[in-house]
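Student:
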Amino acid sequence: MVVAAGFSRFSCSLLLLLLLALSFSESMGGNLNPSDCNPRCSYRCSGTSHKKPCMSFCMQCCAQCLCVPPGTYGNRQVCACYNNWKTKRGGPKCP
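Per mature numbering (1 follows the signal peptide of the UniProt record, and there is no 0): the sequence shown = residues -29 to -1, 1 to 66.
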């Protein structure tokens, strides 16, 4: 019984450490390769009628952050760098 409790504490500690490491790595930037930016941005911008500006800004943001949020809209919280990059007026820089 003592061994099971020790293993459980070890497992919980290891899981907590892993989750902390994952959240830290995401806040520092994504894990995409620069070559992944074009297909990810193409999908991200597929739902807009302003494809050229969307692709331009998305590619800039992806090159800087190495992350593109999933989907065609929203989900910016997934990529901290992408989410926090603002225009001069304070609006979101990244689509």
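Every residue gets a Cβ at the ideal spot worked out from N, C-alpha and C, and that includes glycine.
Across which residues does DSSP place P63 in a beta bridge pair?
Tutor: Your numbering for residue 63 matches position 92 in the sequence shown. Paired residues: K57.
Student: Secondary structure at S(-3), three-state DSSP: helix, strand or coil?
Tutor: Within the sequence shown, residue -3 is the residue found at index 27, counting from 1. Caution applies to S(-3), whose pLDDT of 41 falls short of 50 and renders its modelled position unreliable; the value that the coordinates give is listed next. Three-state result, S(-3): helix.
Student: Please confirm whether R11 and C29 have their CB atoms less than 9 Å apart.
Tutor: Along the sequence shown, read from residue 1 onward, the residue named residue 11 stands at position 40. Along the sequence shown, read from residue 1 onward, the residue named residue 29 stands at position 58. In this structure, C29 lies closer than 9 Å to R11 by Cβ.
Student: Use the C-beta contact count for R(-21): other C-beta atoms within 10 angstroms, 16 or more gives buried, fewer gives exposed.
Tutor: Within the sequence shown, numbered from 1, the residue matching residue -21 stands at position 9. Burial call: exposed.
Student: Do the CB positions of Y53 and G1 come within less than 9 Å of each other?
Tutor: Taking the sequence shown and counting its residues from 1, one reaches residue 53 at position 82. Taking the sequence shown and counting its residues from 1, one reaches residue 1 at position 30. Yes. Within cutoff.
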